[in-house]
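Q: Protein chains in written order, with the working numbering: chain Y, 5 to 134; chain W, -5 to 126.
Beta carbons are placed, not taken as given, at the ideal position from N, Cα and C, and that holds for glycine.
See the structure below:
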């Protein structure tokens, strides 16, 4: 069963840039260890980290299909900071992995306990596409 | 340059979509299928997934002892990721062009939905490290 694990942030998530270097490194090392474990267990499909929210654009098709680009988002908008796609035996296992990501250390090494959104990824295209 | 193109919607928005007629849904998916084919042929499509509906979303936090605390309650206005396209393109403008094609997908009666698509660059150097 494939699941997506989403780490969301507000724009304020940029505060991570002000963490002491040592805390950033500890956080990065924790995530690398988690990724390595998932790769070794064969549960890792892929993962990506996104650029910061200030680089996000919202694109709509104009009347003739040309892109209309805009960089303005509502104040309370959650931005995707990064995600993992994992292939696991049960939803419980997906939640356990999400809890590991949630517990990644923040400033001073305290677990962040950040929320991770978890959702199944259907393994095939929706029936409408076939 | 890798870009993530995100299609998002609220629960209410998803309910509206569920009320589309079968032919409208088919027309919309034919548009997406043809876009995916073009991207694949151009070598620009890295990955593409449609997600399960927002009702199936859980939010998970680590409890004190690291045990997962699972919750299914989200704010009314929350935007859920419905699907994403990860593309590898020459320029941001090309990413925006692809996003515009997604945005122009036909809705009820074949009228373009012009839905907003969020576009953000993926940090290639950190591909295997979403947290950092």
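Identify, in the order they occur along the chain, each residue of the same chain with its Cβ nearer than 8 Å to the Cβ of residue 42 of chain Y, setting aside the five sequence neighbours on each side.
A: Result list for residue 42 of chain Y: 48, 88, 90 and 101, in chain order.
Q: Would you mind telling me which residues of chain Y sit closer than 8 Å to residue 0 of chain W, beta carbon to beta carbon, in chain order?
A: By Cβ distance, chain Y contributes 84.
Q: Is the CB-CB distance between residue 60 of chain Y and residue 84 of chain W below 9 Å?
A: Contact flag unset, no.
Q: Residue 52 of chain W CB to nearest chain Y CB: under 9 Å?
A: Yes - at least one Cβ of chain Y is within 9 Å of the one on residue 52 of chain W.
Q: Can you find a CB in chain W that lies within less than 9 Å of the CB of residue 66 of chain Y?
A: Output row for residue 66 of chain Y: interface = yes.
Q: Quick check: is the beta carbon of residue 33 of chain W nearer than 9 Å to any beta carbon in chain Y?
A: So no, residue 33 of chain W is outside the interface.
Q: Since residue 90 of chain W meets chain Y, which of its residues come closer than 8 Å, beta carbon to beta carbon?
A: Under the 8 Å cutoff, chain Y gives 61, 63, 71 and 73.
Q: Just the Cα atoms here: how many angstroms apart are residue 71 of chain W and residue 108 of chain Y?
A: Cα to Cα, the separation comes out at about 27 Å.
Q: Are the C-beta of residue 10 of chain Y and some C-beta of chain W separated by less than 9 Å?
A: True, the Cβ-Cβ gap to chain W drops below 9 Å.
Q: Indicate the three-state DSSP secondary structure (helix, strand or coil) for residue 38 of chain W in the structure shown.
A: Coil at residue 38 of chain W, not helix or strand.
Q: Would you report the Cα separation of residue 81 of chain W and residue 67 of chain Y, rounded to the nearest angstrom?
A: Answer to the nearest angstrom: the Cα atoms are 24 Å apart.
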